[in-house]
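J.: Take the sequence shown: its position 21, counting from 1, is numbered 21 in UniProt numbering, and each next residue is one higher.
Cβ atoms here follow ideal geometry from the backbone N, Cα and C, with glycine treated the same way.
Sharing a structure, written as structure tokens. Questions coming.
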Amino acid sequence: MTGFFKLLKGGNKPSFVAAVVNTFIGLLKMTAYLFTGNVAMFAEMMHSFGDAANQYFVFIGSALSKKAPTDKFPNGFGRVVNLACLGAVIIVGILSYETVKEGLHHLLHPIQSSGVLISLGVLGIGVILELYVFYKAAVEVLHESGEEAKGFSPFIKSFTHLNRAKPATKLVFMEDLVATSGGVIAIIAITITYFTGFGQAEGIASITIGLMMFYVVGRVFLENARGAIGETDEEMREHIAGIVLADPKVKDIRRLQVIKEGESLHVEIVIEVNPALTIAEADDIKDRLALLTYAQKGVAEVTIEFDEDDQILGWS
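Take a look at the structure:
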């Protein structure tokens, strides 16, 4: 049990913060919904609880993915975070369906809800808290991408660097972007209903929020399915190829693979060298390239093999 808690300390921090905040927000929205019967509030309640469950899954999965390899699992546990994300989207998918269904029901059979001030107050608090979590996730995206984060710049710069963030951070970023937007949509819908009597606005808001949740489900599923299978990091592959070819003793690259294993990268390199090299010289090359490759962000394992130079340049 002590080992498990040590692993949790290495879990993705933005996902844990987001999970705690969304649990609190979900309880606030549930209380408001019970008092008001507002369907837009119901949608937001489901959204917050869905995000919280998702983010708890991701936090635990990201922590377990850092567990050291064992004799039974020699390849390590890097892809556990992808499997956790895939499990989490099932929960969000179910809640998305319920949200859309409730919105359709309210659209066809609008019911006048009460407690508009309670609803707007709770949603306002929720938007502020979600915006805070979204900002923290945006800062983490830039940090994982090796970029600076100052002032309000993360709100804009994070979108251009999102693909370089870890799976867990990326999930929190997307969920809280949708959560913040959903809160604003719910506020607009409740305000329209209050001032115009157009009760269907809340149903439309619920359907919109549910569809936004479905978008996150689809995006997260596809991304983590690729990660669970094992996806090549093309950008890092080209970067490492440049490092390898810069070594004067390397004639060519026969094969180079950079596979994403959850939040880590596993690198396999087969290089071509002069067959007249001694074992000691080849060992020096291996040590030199391994040291440079391990220094790259996210690289957890490096395997280097040799082949004799065939005098044909194969790597482009």
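Just list the residues that DSSP pairs residue 140 with in beta bridges.
T.: Within the sequence shown, numbered from 1, the residue matching residue 140 stands at position 140. DSSP, once it has assigned bridges, lists no residue as partnering residue 140.
J.: So the alpha helix (DSSP H) residue 245 belongs to, where does it begin and stop?
T.: Position 245 of the sequence shown, counted from the first residue, corresponds to residue 245. Residues 234-245.
J.: As a quick exercise: from 269, 213 and 179, pick the residue whose alpha carbon is nearest that of residue 256.
T.: For the purposes of this step, residue 256 is taken as residue 256 along the sequence shown, with counting starting at 1. Ranking 269, 213 and 179 by Cα distance to residue 256 puts 269 first.
J.: Judging by CA-CA distance, which residue of 55, 36 and 85 is the nearest neighbour of residue 23?
T.: As a first step, residue 23 is located in the sequence shown; it is residue number 23 there, counting from the start. Cα-wise, what sits closest to residue 23 is 55.
J.: For residue 201, does the count of other Cβ atoms within 10 angstroms reach 16, so buried, or fall short, so exposed?
T.: As a first step, residue 201 must be located in the sequence shown, where it is residue number 201. With 16 or more other Cβ atoms within 10 Å, it is buried.
J.: Count the CB pairs spanning the stretch 122-140 and the stretch 165-183 that are closer than 8 Å, and state whether there are at least three.
T.: They touch, by the three-pair rule.
J.: Which residue wins for smallest C-alpha separation from residue 65, given the options 261, 74, 281 and 19?
T.: Position 65 of the sequence shown, counting from 1, holds the residue named residue 65. Checked all of 261, 74, 281 and 19; the closest Cα to residue 65 is 261.
J.: Confirm, please, whether the CB-CB distance from residue 123 to residue 186 is below 8 Å.
T.: As a working note, residue 186 is residue 186 in the sequence shown. As a working note, residue 123 is residue 123 in the sequence shown. Against a cut-off of 8 Å, the Cβ pair of residue 123 and residue 186 comes out as a contact.
J.: Have a look at the DSSP bridge pairing and note the partners of residue 304.
T.: Position 304 of the sequence shown holds residue 304. DSSP output for residue 304 lists 269 as bridge partner(s).
J.: What is the DSSP secondary structure of residue 28, counted as helix, strand or coil?
T.: Position 28 of the sequence shown, counted from the first residue, corresponds to residue 28. The answer is helix: DSSP assigns residue 28 an H, G or I state.
J.: Please state the DSSP three-state secondary structure of residue 260.
T.: On the sequence shown, position 260 is the one that residue 260 refers to. Of the three classes helix, strand and coil, the one that applies to residue 260 here is strand, per DSSP.
J.: How many whole angstroms separate the CB atoms of residue 168 and residue 299, which I take to be in contact at a CB cut-off of 8 Å?
T.: Here residue 168 is taken as the residue at index 168 of the sequence shown, counted from 1. Here residue 299 is taken as the residue at index 299 of the sequence shown, counted from 1. Residue 168 to residue 299, Cβ: 18 Å. No contact.
J.: Does residue 33 pass the burial test, meaning 16 or more other C-beta atoms within 10 Å, or should it be called exposed?
T.: Residue 33 sits at position 33 when you count from the first residue of the sequence shown. By the neighbour-count rule (16 or more Cβ atoms within 10 Å), residue 33 is buried.
J.: To which residues of the same chain is residue 181 closer than 8 Å at the C-beta, ignoring the five residues directly before and after it?
T.: Residue 181 sits at position 181 when you count from the first residue of the sequence shown. Same-chain partners within the cutoff: 212.
J.: Just tell me which of 310, 115, 164 and 129 has its CA closest to the CA of residue 276.
T.: Looking up residue 276 in the sequence shown gives position 276. Of the listed residues, the one whose Cα sits closest to residue 276 is 310.
J.: Would residue 58 and residue 40 be called neighbours here (beta carbons separated by less than 8 Å)?
T.: Along the sequence shown, one-based indexing puts residue 58 at 58. Along the sequence shown, one-based indexing puts residue 40 at 40. Result no, Cβ atoms of residue 58 and residue 40 do not sit closer than 8 Å.
J.: I believe residue 292 touches residue 253 by the beta-carbon criterion, under 8 Å. Please report the beta-carbon distance rounded to the nearest angstrom.
T.: Within the sequence shown, the letter at position 292 stands for residue 292. Within the sequence shown, the letter at position 253 stands for residue 253. With 8 Å as the limit, residue 292 and residue 253 do not qualify as a contact, their Cβ atoms being about 14 Å apart.
J.: What's the C-alpha gap between residue 16 and residue 282?
T.: As a first step, residue 16 is located in the sequence shown; it is residue number 16 there, counting from the start. As a first step, residue 282 is located in the sequence shown; it is residue number 282 there, counting from the start. Spanning the two alpha carbons is a distance of roughly 46 Å.
J.: If we call anything under 8 Å between Cβ atoms a contact, is residue 210 one with residue 100?
T.: As a position in the sequence shown, residue 210 is number 210, starting the count at 1. As a position in the sequence shown, residue 100 is number 100, starting the count at 1. Contact flag set, yes.
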